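Let me begin by presenting the structure, written as structure tokens, before commenting on it.
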Amino acid sequence: MDIRTKSVHTGVNIDKTFNSVITPIYPTSTFFFDEIGKHKGYDYTRSGNPTRTALEANIAALEGGVNCSATATGMAAITTVLFFLKPGDHIITGDDIYGGTYRLFNAVLKPMGYKFSFINMRDLNKVKAEVTKDTKMIWIETPSNPLLNIIDLQAAIDIAQKAKALSVVDNTFLSPYFQRPLEFGADIVVHSTTKYLNGHSDVVGGAIVYANTELQERGRYLVNALGVSQSPYDAWLVLRGIKTLGPRMEAHQANAVKIAHFLEGHKNVKKVYYPGLKSHPQPDLIQKQMKGFGAMLAFELNTVQVPLNQFFKKLKYFALAESLGGVESLIETPWFMSHASMGPALKASGITQETVRVSVGIEGADDLIADLDQALKG
Ligand SMILES: *Cc1c(COP(=O)(O)O)cnc(C)c1O
């Protein structure tokens, strides 16, 4: 089945009471039993709710997993997955991962005894060299945020399998429409559904997708035990957003390609990072593991000619905001905003005070380019 068909149909038609075409919201904390031990599959909404079940079936189908847990936020999903491990266990991950993930790993879990290697995961020899007897997880984020570096999914997953460690991929940036890590043997995929899956910047949410039933059982147990499941209202919004995932991703990407080319030719732009440009240094990997380039891009602004704040103030259609993946274009400075919590590690990451990150929306490309053009005049 085409992924666009799955996104519209999977999990959706669950109301047999009135045959509603759209999944109802079940705003109930608890469900009554017909008699002791006999209910209709649900007893308490933290543990399970029919609206959330519909969303979970849908996301699992899109990623090709056996099941999924929908969580309150993306960070709730990531936190839950780290509870698969325990203090003393070692995790290998990138040095340019999402800022909130870095904060959880470095400032919350490390003081509790979890061990981390934050490395350049493009260098597979480095990844191999970091493996110890305590390595229990390899955490992969590709393309990376905000510099769009690509990590070799198959190779990184193979290293994890040899080490008998879990391979986890944060697939937020591309969505299952453009990349499906479980097809390369990953154990778990996580999402911030706040971004492309919901796509309308009106909800926060997360998802954990499992490759097999053993992981599913542990994951669902943890989500219930930790109490991080998503509310039925929010689950319903994400389910509604997902139905247009395919057309949205195509529209996002078409705009991003045009904007990347425009920026690359501009005299006040020093460098553009985008997988859809010929200048991207990893064309073979892009070809091998991605079904599209996505719509996140970054560039180095010549801030001597165009001061950062002036540039942002002049823009009409690009809101100065963190987050990404919504229908509206957003722009921000990773150094001062999304990645500021990285502290001293920021300097080594390749991000500079001139790096600008763009989440390209689905507005008319000509309007977006004209807007950037007038703001780049300096
Ligand atoms: C936003 C984001 C997260 C965190 O998700 P929240 O919904 O904000 O908690 C994790 N990973 C990536 C790649 C993200 O962009």
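Under the working numbering, think of the first position of the sequence shown as 694, with each following residue one higher. Here a beta-carbon is modelled for each residue, glycine too, at the ideal position from N, C-alpha and C. Computed from a predicted structure; not experimentally measured.
When every heavy atom of ligand 2 is checked, does at least one fall within less than 8 Å of the C-beta of residue i?
i: residue 793; result: Judged by which ligands are present, ligand 2 is missing from the structure shown, whose ligands are ligand 1.
Under 9 Å, do residue i and residue j count as touching if we go by C-beta distance?
i: residue 897; j: residue 773; result: no
i: residue 763; j: residue 739; result: no
i: residue 1008; j: residue 956; result: no
i: residue 742; j: residue 750; result: no
i: residue 870; j: residue 696; result: yes
i: residue 1028; j: residue 718; result: no
i: residue 934; j: residue 892; result: yes
i: residue 1044; j: residue 840; result: yes
i: residue 788; j: residue 812; result: yes
i: residue 941; j: residue 989; result: no
i: residue 786; j: residue 798; result: yes
i: residue 648; j: residue 931; result: No statement about residue 648 is possible, as the shown extent of the chain runs from 694 to 1071 and does not include it.
i: residue 937; j: residue 1018; result: no
i: residue 873; j: residue 757; result: yes
i: residue 877; j: residue 901; result: no
i: residue 716; j: residue 765; result: no
With a threshold of 7 Å on Cβ separation, who are the neighbours of residue i within its own chain once the five nearest residues in sequence on each side are excluded?
i: residue 880; result: 859, 860, 861, 904 and 908
i: residue 792; result: 1031, 1032, 1034 and 1035
i: residue 951; result: 1058 and 1062
i: residue 1010; result: 1022, 1056, 1060, 1061 and 1064
i: residue 998; result: 961 and 1071
i: residue 959; result: 1069
Tell me whether residue i, by its Cβ, gets closer than 8 Å to a heavy atom of ligand 1.
i: residue 771; result: yes
i: residue 863; result: yes
i: residue 921; result: no
i: residue 885; result: yes
i: residue 842; result: no
i: residue 834; result: yes
i: residue 897; result: yes
i: residue 798; result: no
i: residue 838; result: yes
i: residue 767; result: yes
i: residue 1042; result: no
i: residue 868; result: no
i: residue 1017; result: yes
i: residue 803; result: no
i: residue 888; result: yes
Could you check what DSSP says for residue i in three-state terms: helix, strand or coil?
i: residue 834; result: strand
i: residue 927; result: helix
i: residue 1014; result: coil
i: residue 841; result: coil
i: residue 1048; result: strand
i: residue 729; result: coil
i: residue 863; result: strand
i: residue 817; result: helix
i: residue 698; result: helix
i: residue 655; result: Because the chain here runs from 694 to 1071, residue 655 falls outside it and cannot be looked at.
i: residue 1025; result: strand
i: residue 790; result: coil
i: residue 993; result: strand
i: residue 961; result: coil
Any idea if residue i is buried or exposed, counting beta-carbon neighbours within 10 angstroms, 16 or more meaning buried?
i: residue 709; result: exposed
i: residue 945; result: buried
i: residue 722; result: exposed
i: residue 925; result: buried
i: residue 704; result: buried
i: residue 923; result: buried
i: residue 825; result: exposed
i: residue 968; result: buried
i: residue 823; result: buried
i: residue 783; result: buried
i: residue 1025; result: buried
Give me, in chain order, the residues of the same chain whose beta-carbon lies closer than 6 Å to that of residue i; leave out the 5 immediate sequence neighbours on both sides.
i: residue 794; result: 771
i: residue 995; result: 961 and 963
i: residue 885; result: 767, 865 and 899
i: residue 848; result: 817
i: residue 965; result: 953, 956, 957 and 992
i: residue 835; result: 843 and 844
If you measure from the beta carbon of residue i to each beta carbon in chain D, is any gap under 9 Å?
i: residue 977; result: Among the chains in the structure shown there is no chain D, since it carries only a single protein chain.
Which residues in the same chain have their Cβ closer than 8 Å to the Cβ of residue i, if we skip the five residues on either side of it in sequence?
i: residue 970; result: 953, 954 and 957
i: residue 736; result: 723, 724 and 726
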